[in-house]
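For the first sequence, the numbering used here assigns the number 1226 to the last residue and increments by one with no breaks.
Ideal Cβ positions, reconstructed from N, Cα and C, are used throughout, including at glycine.
In this text, all values refer to a predicted model and were calculated from it rather than measured experimentally.
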Amino acid sequence: MPELIEVEIYRRQAEGLVGRTVSAVSAPDEWFLKGATTPAALLSTLVGSLVTRADRIGKLLLLEVISGHRGANGESAATEAGERSTLGLRFGMTGRLVVDGKAEIDELLYSTSTADHRFVRFGLSFDDGGEMSMIDPRRLGGVEIAPDISRLGPDAATLSARQLCDAISRSTIPVKARLLDQSRVAGVGNLIADETFWRAGVDPTRSCASFEPVEVTALAARIRSTIKLLTKRGGSHTGDLQDHRHRDGRCPRDGSPLKRDEIGGRTTYWCPVHQL
DNA sequence: CCGGATGTTCACCT
DNA sequence: GAGGTGAACATCCG
């Protein structure tokens, strides 16, 4: 996916929805509805509601809405006027967001063009004639009313040394596995993780417990700076290591053959010479 | 044809 | 409880 950086781009797109009222919901794929979310619940929660905010925690996009008044005959509105709700949008690995026919991220690795209508999994229409849709070929994403955000760690883009310390304390697993755990730190995906460790000169297989306080502070700073850099460049795939993340790849810094292994269930590349 | 790809969740082990 | 593994989702690409 879309890691934190891409979802932040989606969030900015979604800010264009603030101030609009939902006129219709399209949920052609029930698999895409997560938790207790049903088509009926979406209808009663969203139709007639005003979008008030677009927030983001890690890779989760949150649309805040407030319900409005229904027709004079008071048709079945399960939601009271003025009631606030949150719609959570997850993008999996291949999900993209289209607002009013425009996609800020048109081409995504391992995905298809937004011109392909086959994979529209969810959509909202607005009273001004605009629309928002989610495209996700692999259906790894989803939407959920009132998603449980208590299970997400602090956002990686603003991660403090103290927060990272808490996230990796009392654990013996590889530090990269911990960073990928969204309940510990929210937003770091496989590409951001490999790029961060490469830039930090840190071996991603190292146990969390092996980190000295000064190293934790440095790593937290490196996570923030890497996200900032990749955001400026335009995506999680714009790191210096990216083009070398393949078998036979060599470290772009010192030319040594990269190590390849599975950490935290994800393929990991790192340089055995300068990442210690 | 096979393997693997920016992700998450869950069941089932040790 | 912690941690690891594999499955599931489904498509594209080399």
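Taking only runs that begin and end inside the segment 1069-1116, name each unbroken beta strand (DSSP E) of 3 or more residues, in chain order. 1070-1076, 1081-1085, 1092-1095
Would you call the segment 952-967 and the segment 1136-1154 in contact, with 3 or more CB pairs under 8 Å? yes
Please classify K1052 as buried or exposed, where buried requires at least 16 other C-beta atoms within 10 Å of its C-beta. Taking the first residue of the first sequence as 1, we reach residue 1052 at position 102. Counting Cβ neighbours within 10 Å, K1052 comes out exposed, since fewer than 16 surround it.
With V997 and V975 assumed to form a contact (beta carbons below 8 Å), what rounded beta-carbon distance in angstroms separates them? Here the question's residue 997 lines up with position 47 in the first sequence. Here the question's residue 975 lines up with position 25 in the first sequence. Yes, V997 and V975 are in contact; Cβ-Cβ is about 6 Å, under 8 Å.
Going residue by residue through the segment 957-1018, where are the continuous alpha helix (DSSP H) segments of at least 4 residues, counting only ones entirely within it? 989-996
Of all the options I1007, V1166, D979, T1176, which has the alpha carbon lying nearest to the alpha carbon of G1103? As a position in the first sequence, residue 1103 is number 153, starting the count at 1. The candidate whose alpha carbon is nearest that of G1103 is I1007.
Since P1154 contacts T1218 with CB under 8 Å, what's their CB separation in whole angstroms? In the first sequence, residue 1154 corresponds to position 204, counting from 1. In the first sequence, residue 1218 corresponds to position 268, counting from 1. About 6 Å; that satisfies the 8 Å criterion.
Go to K1209, then tell me how far its beta strand (DSSP E) extends in each direction, as first and last residue. Taking the first residue of the first sequence as position 1, residue 1209 is located at position 259. Segment 1209-1213, the beta strand (DSSP E) holding K1209.
Could you give the C-beta distance for T971 and S999, rounded to a whole number, given that I count them as a contact under 8 Å? Here residue 971 corresponds to residue number 21 of the first sequence, with the count starting at 1. Here residue 999 corresponds to residue number 49 of the first sequence, with the count starting at 1. With 8 Å as the limit, T971 and S999 qualify as a contact, their Cβ atoms being about 7 Å apart.
Cβ-based neighbour list, A1111, same chain, cut-off 7 Å, excluding 5 preceding and 5 following: Along the first sequence, read from residue 1 onward, the residue named residue 1111 stands at position 161. Within the same chain, and ignoring the five residues on either side of A1111 in sequence, the residues whose Cβ sits closer than 7 Å to its Cβ are V1166, T1167, A1170.
Could you work out which residue in A1004, L1037, S1157 is closest to A986 when comparing CA atoms only? Here residue 986 refers to the residue found at position 36 of the first sequence. Of the candidates A1004, L1037, S1157, the one whose C-alpha sits nearest the C-alpha of A986 is L1037.
Can you have a look at K1009 and say buried or exposed, based on whether 16 or more other CB atoms are within 10 angstroms of its CB? Stepping through the first sequence from its first residue, residue 1009 is reached at position 59. Classification of K1009: buried, given that the 10 Å Cβ count is 16 or more.
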